[in-house]
Amino acid sequence: APPAAAAAAPRDEMEVAAAAAAVAVPRHKVKKQINLFYCAECEELALKVAAASDAIQLQSINWRNFPDGFPNLFINNAHDIRGQHVAFLASFSSPAIIFEQISVIFALPKLFIASFTLVLPFFPTGTFERVEEEGDVATAFTLARILSMIPKSRGGPTSVVIYDIHALQERFYFGDDVLPCFETGIPLLLQRLSQLPDADNVTIAFPDDGAWKRFHKSLANFPVVVCAKVREGDKRIVRIKEGNPEGRHVVIVDDLVQSGGTLRECQSMACEFSRCGSIWCDIFTSCHCT
């Protein structure tokens, strides 16, 4: 079997397109440029986003620390952004870097700016959105409450843009002082799939029922394979629950991946089920963290 591709679309292209769409407004509607600030982890992505749109002007922040490790931050050009539209490209990939970014996110709207947009591609606590037994802490609700405390700018509440949040009901975790805007990477996937030479041979595979519920309506024009985890002794193994991937170009779709173990098991199962060397497997996920 041909080697599996890491993703169904080039990651850089998708990241730039998604982030640019989140912060950009059609040129004829923009009276002032959008000033884009970014965390240290997103510098490379921010540079690519700015290069993709002349409506975006990059701004910078000095990310420093005091000797005791606590952040020593400075927002450059604070006077110059008064009355202008501002966006911040965040990455909450680690608890260690959340506090310093929250500090900046809370400070920017108070600089007399026209509007403020927070672009948070990955909502890290999205998978822990419910309580299954007494004592569980739904950290998705906790993070949503923190973001709901972002101060208003001159233009009103902050827009919080998140890509493929794990469960759509999490929009109700946010308070009325922010405007959550949930976007998805599926249109980029559909665009990429339409460009494939074997586009008519594509089958979409979902690693579990949750992924199927989340995306099946957006991918209704493709044959579908649904997998499920079953317990065999002390192990949880992925089995094909519905559909037949034999001889098909299988694209495994999920919203976010932490270790990638489930997707790899699902891919291996699809290749095993086909019993031939003609199958090709790709993986698409909006958010990936290791």
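The sequence shown begins at 1149 in this note's numbering and counts up one residue at a time. The C-beta atom is built at its ideal place from N, Cα and C for all residues, glycine as well. Note that the coordinates shown come from a computational prediction; the quantities given were computed from them, not determined experimentally.
Assigned exposure category for residue i - 16 Cβ within 10 Å defines buried
| i | result |
| --- | --- |
| Val1378 | exposed |
| Asp1402 | buried |
| Gln1249 | buried |
| Gly1283 | exposed |
| Ser1251 | exposed |
| Val1285 | exposed |
| Ala1288 | buried |
| Ile1427 | buried |
| Cys1429 | buried |
| Asn1213 | exposed |
| Asn1183 | buried |
| Ala1347 | exposed |
| Ile1385 | exposed |
| Phe1363 | buried |
| Gln1343 | exposed |
| Arg1387 | exposed |
| Gln1207 | buried |
| Pro1243 | exposed |
Option nearest residue i by Cα separation, candidates the options
| i | options | result |
| --- | --- | --- |
| Asn1349 | Thr1290, Tyr1311, Asn1369, Ala1244 | Asn1369 |
| Ile1431 | Glu1380, Phe1354, Arg1362, Leu1266 | Phe1354 |
| Asp1356 | Tyr1186, Asp1346, Val1374 | Val1374 |
| Trp1211 | Leu1344, Leu1221, Arg1340 | Leu1221 |
| Ser1301 | Arg1319, Glu1280, Ser1366, Phe1254 | Phe1254 |
| Phe1271 | Val1372, Lys1383, Arg1319 | Arg1319 |
| Phe1240 | Pro1328, Ser1201, Leu1291, Ile1388 | Leu1291 |
| Ala1198 | Thr1306, Thr1351, Phe1236, Arg1362 | Phe1236 |
| Ile1223 | Leu1341, Ala1203, Ile1204, Leu1259 | Leu1259 |
| Arg1230 | Asn1213, Leu1193, Glu1281, Gly1303 | Gly1303 |
| Val1326 | Arg1293, Leu1193, Lys1361 | Arg1293 |
| Ser1296 | Phe1322, Val1309, Ala1315, Glu1280 | Phe1322 |
| Glu1331 | Ser1307, Arg1340, Asp1324, Leu1341 | Ser1307 |
| Pro1345 | Arg1396, Glu1189, Asp1216 | Arg1396 |
| Ala1359 | Arg1340, Pro1219, Ile1400 | Ile1400 |
| Gln1339 | Gln1317, Ser1366, Asp1324 | Ser1366 |
| Ile1352 | Pro1335, Leu1337, Ile1209, Val1372 | Val1372 |
Residue range of the unbroken alpha helix (DSSP H) whose run includes residue i
| i | result |
| --- | --- |
| Arg1212 | Segment 1209-1213 is the beta strand (DSSP E) holding Arg1212; no alpha helix (DSSP H) there. |
| Ser1251 | 1246-1255 |
| Arg1362 | 1357-1363 |
| Ile1294 | 1287-1295 |
| Glu1318 | Segment: none, Glu1318 is in no alpha helix (DSSP H) and carries neither H nor E. |
| Lys1196 | 1191-1200 |
Whole-number beta carbon distance between residue j and residue i, since they are thought to touch under 8 angstroms
| i | j | result |
| --- | --- | --- |
| Val1234 | Leu1256 | 6 angstroms |
| Ile1261 | Cys1187 | Their Cβ separation, rounded to whole angstroms, is 18 angstroms, which puts Ile1261 and Cys1187 out of contact at 8 angstroms. |
| Ala1238 | Leu1266 | 6 angstroms |
Own chain, CB closer than 6 angstroms to residue i, minus 5 neighbours either side, in chain order
| i | result |
| --- | --- |
| Ser1434 | Tyr1311, Asp1312, Gly1333, Asp1403 |
| Glu1390 | Val1374 |
| Ser1263 | His1233, Ser1301, Gly1303 |
| Pro1305 | Asp1325, Val1326, Leu1327 |
Where the beta strand (DSSP E) through residue i begins and ends
| i | result |
| --- | --- |
| Arg1340 | No beta strand (DSSP E) contains Arg1340, which is instead part of the alpha helix (DSSP H) from 1334-1342. |
| Val1308 | 1306-1311 |
| Ala1235 | 1233-1237 |
| Lys1258 | Note, Lys1258: premise wrong, no beta strand (DSSP E); not H, not E. |
| Cys1375 | 1372-1380 |
| Leu1268 | 1263-1268 |
| Gln1205 | 1204-1206 |
Test: residue i CB closer than 8 angstroms to a CB of chain C
| i | result |
| --- | --- |
| Leu1266 | Considering every chain present, this structure includes no chain C. It has just one protein chain. |
Beta-carbon proximity list for residue i, same chain, < 8 angstroms, skipping 5 on both sides
| i | result |
| --- | --- |
| Gln1181 | Ala1203, Ile1204, Gln1205, Gln1232, His1233 |
| Thr1273 | Thr1287, Ala1288, Thr1290, Leu1291 |
| Pro1219 | Trp1211, Arg1212, Asn1213, Phe1247, Glu1248, Ser1251 |
Proximal residues to residue i (C-beta, below 7 angstroms), its chain only, five neighbours per side dropped
| i | result |
| --- | --- |
| Glu1280 | none |
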